[in-house]
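Q:
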Amino acid sequence: MGHFLTVQIIQTALEIGLIYSLIALSLFISFSILNICDLSTDGCYTLGCAVGAVVTISGHPFLAIPASMAAGVCSGFVTALLQTRFGVQSILAGIIVNTGLYTVNLAVMGFSSNLSIFGTDTIFSLAKGLSSAAWWQSWYKLILLGCIVLVVCLVLYWFLGTRLGLSIRATGDSPAMVRASSINPAFTITVGLCISNSLTGLAGSLIAQYNKTSDINLGTGMVTIALASLVIGESLSRKRHMAVRIACVLAGSCLYRLIVSLALRLNIPTEAFKLVSAVIVAIALILPSAKSMIALNLKKRRMKAPGQRGGNGHA
Amino acid sequence: MLELKGIKKTFNPGTVNEKTALRDLSLELADGDFATIIGSNGAGKSTMFGAIAGTFFPDEGQVLLDGEDITFVREHVRSHYIGRLFQDPLTGTAPNMTIEENLSVAYLRASAGKKGIFSRITRREKEFFHEKLSLLGMGLEDRMTNPVGLLSGGQRQALTLLMATVVTPRILLLDEHTAALDPATAAKVLELTRQIVEERKITCMMVTHNMEQALELGSRTLMMSDGRIVFDAAGSVRDGMTVEDLLRRFAEQAGKKLNNDRILLSTEEGK
Chain A
1 MGHFLTVQII QTALEIGLIY SLIALSLFIS FSILNICDLS TDGCYTLGCA
51 VGAVVTISGH PFLAIPASMA AGVCSGFVTA LLQTRFGVQS ILAGIIVNTG
101 LYTVNLAVMG FSSNLSIFGT DTIFSLAKGL SSAAWWQSWY KLILLGCIVL
151 VVCLVLYWFL GTRLGLSIRA TGDSPAMVRA SSINPAFTIT VGLCISNSLT
201 GLAGSLIAQY NKTSDINLGT GMVTIALASL VIGESLSRKR HMAVRIACVL
251 AGSCLYRLIV SLALRLNIPT EAFKLVSAVI VAIALILPSA KSMIALNLKK
301 RRMKAPGQRG GNGHA
Chain B
1001 MLELKGIKKT FNPGTVNEKT ALRDLSLELA DGDFATIIGS NGAGKSTMFG
1051 AIAGTFFPDE GQVLLDGEDI TFVREHVRSH YIGRLFQDPL TGTAPNMTIE
1101 ENLSVAYLRA SAGKKGIFSR ITRREKEFFH EKLSLLGMGL EDRMTNPVGL
1151 LSGGQRQALT LLMATVVTPR ILLLDEHTAA LDPATAAKVL ELTRQIVEER
1201 KITCMMVTHN MEQALELGSR TLMMSDGRIV FDAAGSVRDG MTVEDLLRRF
1251 AEQAGKKLNN DRILLSTEEG K
């Protein structure tokens, strides 16, 4: 077992899990809170990655982060504009933006499908240089990513408790109530999607600097992965308090990466990786209804069982 | 004062589903008036509320509030001064948000512009909400951090009533807001409505299918048929009226009998 699951594997899974948790939080805002299916995630993530890589290569690893987030905001704004102003269905708006972003991403990367970050600092290499202590040298990535994600979560939690945040939550929860409460749903949806996509952009920027590379196909299937993390997280939290829900989305993302790492350790060929991911997502989605199905069957069996007293079902 | 001048509205024009919901609807409602509205199925009662609240823009005509033309003012802007309750007790509140959060979203109408959009619910506001909730007498003031989805239909409708009036609206529109509740809860919500409307002298319109209620509550009764107001009773004319009088007058004015399945049931109950 010790060899099967090394500290190294868990550490890498947590690092990637933390980066992906930002995308899961992005979908948490659009999918869970706003009740909107935003399928532009794949393209937006690659956009964040491309912008992050380009800015980092030009020698500004810190600037790369707000730049990627701003790019995400722009992408989210276009998606929101199509939905709110022009009445395009949310799924279609996402797909259209996603398709368009492919070319945009290529253009950002100077019409090459691949960019490598060589010879310039990244936020990770800068962090590594802070201390030469052995523990820091082996944990600096996880600590740095943990801090970034923690700040994002705190800001998000604070924001969702403000008047604007509450309005955004109400928009997804009860559209009729929002219109009767002097809130413009077009405005709240736009703000919500901009924030959501800025987080996706941030994740892209971090993965570019983490991998020291940007690839045009990096984002493919990202929405599925993020959705899986979100579903796992939401099934953990059962819609309790907002802070718990945010924490559970993080946990869901890390848990998902751990499951994937486990699956990969079972010597599953890399070609089968997408299928494995899809199966994990499907299982995560099936789980809640499977649970209630099993519970119902057990109950039925109990009530039918002969020789039981009464039959009131309380065994 | 609310004025409707010659409002016309046809839905799905030029298709097989074409439906003229309002034809030449005119109405004047003085400040402090409490009008009850009855009419057949499809008479245009809810559509009239839609025109007032801005759910859609009329094809012709004008909506004036205190002399100001609000015909093309958008719905969310109008909701600053128009409160609304719907028949379905689930539509007026957000189920996954707490009672406190729901109230503070409704309370945005008061603070819009004054306080920043990044400010949070203050303790003073919580105390204010607590006080308001205790007036409902449903014990909701002790459950302020519970999600609204856990409340019963009647509790949710009472909360919606509170949310619609937490900032006193210039017009309150009640669209059969007690119809989906059980009789005891309906009576309670109706009593709360009467209290709040009378205390603060809110100009109010209430659609109901209960004829006795229509005569008992408020100061004026409107009957609608085919997208128009066919009968308008107030003052001494209304005071001595019975349900039979009302039905007779309707038949005379509209040229046909009142046809509303629920109205017939509720008058049976009333006898």
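Keeping their order, the protein sequence lines are chains A and B.
So for the first sequence, my numbering puts the first residue at 1; every next one is plus one.
So for the second sequence, my numbering puts the first residue at 1001; every next one is plus one.
From the three backbone atoms N, C-alpha and C, an ideal C-beta is built for every residue, glycine too.
1) Can you find the residues in the same chain that come closer than 7 Å, C-beta to C-beta, to T56(A), ignoring five residues on each side of it along the sequence?
2) Name, in chain order, the residues that DSSP records as bridge partners for E1028(B).
3) Just the C-alpha distance for F77(A) and E1101(B), rounded to the nearest angstrom, thanks.
4) Given that M109(A) touches chain B, what residues does it touch there, using C-beta distances under 8 Å?
5) Quick check for students: name the residue ranges of the alpha helix (DSSP H) that lie wholly in the stretch 117-176 of chain A, counting only runs of 4 or more.
6) What's the call for V149(A), buried or exposed, on a 16-neighbour Cβ count within 10 Å?
7) How do the stretch 1073-1093 of chain B and the stretch 135-149 of chain A stand: do at least 3 beta-carbon pairs fall below 8 Å, yes or no?
8) Thinking C-beta only, is A93(A) closer than 7 Å to T84(A)?
9) Among residues of its own chain, excluding the 5 on either side of M1(A), which ones have a beta-carbon nearer than 7 Å to its beta-carbon?
10) Can we say the stretch 1250-1259 of chain B touches the stretch 1214-1229 of chain B, given the rule of at least three CB pairs closer than 8 Å?
11) In the DSSP assignment, find the unbroken beta strand (DSSP E) run with T1036(B) in it and report its ends.
12) When Cβ atoms are compared, which residues of the stretch 179-196 of chain A fall closer than 8 Å to chain B?
13) Can you give the Cα-Cα distance for I1038(B) and F1072(B), rounded to whole angstroms?
14) Output yes if chain A places a C-beta closer than 7 Å to the C-beta of H1177(B); else output no.
15) Are the Cβ atoms of T200(A) and G72(A) separated by less than 7 Å?
16) Can you tell which of G110(A), T6(A) and V97(A) has the C-alpha that lies nearest to the C-alpha of V51(A)?
17) Measuring alpha carbon to alpha carbon, tell me which of A170(A), S196(A) and L160(A) ends up nearest P185(A).
18) In angstroms, rounded to a whole number, what distance separates the CA positions of N105(A) and M222(A)?
19) Contact criterion: CB-CB distance below 7 Å. Does A1106(B) meet it with respect to chain A?
20) Could you tell me how far apart the beta carbons of Q1062(B) and K1005(B) are, in whole angstroms, since I believe they sit closer than 8 Å?
21) Step through the CB atoms of chain B and report whether any lies within less than 7 Å of the CB of A315(A).
22) Can you pull the DSSP bridge partners for N1210(B)?
23) Could you tell me the distance, in whole angstroms, from the CA atom of L1140(B) to the CA atom of E1127(B)?
24) Alpha carbon to alpha carbon, how far is Y45(A) from A134(A)? Give it in angstroms, no decimals.
25) CA-CA distance, S75(A) and N197(A)?
26) Would you mind giving the Cβ-Cβ distance between G17(A) and S181(A), rounded to the nearest angstrom? I have them listed as a contact below 8 Å.
27) Return the Cβ separation of L1108(B) and I183(A) in integer angstroms, given the expectation that the two are a contact with Cβ distance under 8 Å.
28) How should K1188(B) be labelled, buried or exposed, when 16 other C-beta atoms within 10 angstroms of its C-beta is the threshold for buried?
29) Which of helix, strand or coil does DSSP assign to M1(A)?
30) In chain order, what residues of the same chain have a beta carbon less than 7 Å from the beta carbon of A305(A), not counting five sequence neighbours either side?
31) I'd like to know if R1109(B) contacts chain A, where contact means its C-beta is closer than 7 Å to some C-beta of that chain.
32) Going straight from the alpha carbon of V1077(B) to that of V1166(B), what length do you get?
33) Flag this pair as touching only if the stretch 1008-1023 of chain B and the stretch 1202-1211 of chain B have three or more C-beta atom pairs under 8 Å; answer yes or no.
34) Against chain B, does S174(A) count as a neighbour if the rule is that its beta carbon must be under 7 Å from one of theirs?
35) Compare the Cα-Cα distances from A1158(B) to each of L1150(B), H1177(B), L1173(B) and P1147(B) and report the closest residue.
36) In the DSSP assignment, find the alpha helix (DSSP H) that holds M1223(B) and state where it starts and stops.
A: Taking the structure as given:
1) A64, I117, T120, T122, A208 and Q209
2) E1003(B)
3) 27 Å
4) Within 8 Å Cβ-Cβ: nothing; M109(A) doesn't reach chain B, min ~36 Å.
5) 123-128, 134-160 and 163-173
6) buried
7) no
8) no
9) Summary for M1(A): the model assigns pLDDT 47, below 50, so the residue's position carries little reliability, and this model does not support an answer.
10) yes
11) F1034 to G1039
12) R179, A180, S181, S182, I183, N184 and P185
13) 27 Å
14) no
15) yes
16) G110(A)
17) A170(A)
18) 16 Å
19) yes
20) 4 Å
21) Because the pLDDT of A315(A) is 41, which lies under 50, any placement of that residue in the model is unreliable, and the number read from its coordinates should be weighed accordingly. Chain B contact via Cβ: absent.
22) According to DSSP, N1210(B) bridges with nothing at all.
23) 13 Å
24) 33 Å
25) 7 Å
26) G17(A) to S181(A), Cβ: 38 Å. No contact.
27) 7 Å
28) buried
29) Below a pLDDT of 50, predicted positions are generally treated as unreliable, and M1(A), at 47, falls in that range; no measurement from the model is reported.
30) none
31) yes
32) 17 Å
33) no
34) yes
35) H1177(B)
36) Premise fails: M1223(B) lies in the beta strand (DSSP E), R1220 to S1225, not in any alpha helix (DSSP H).
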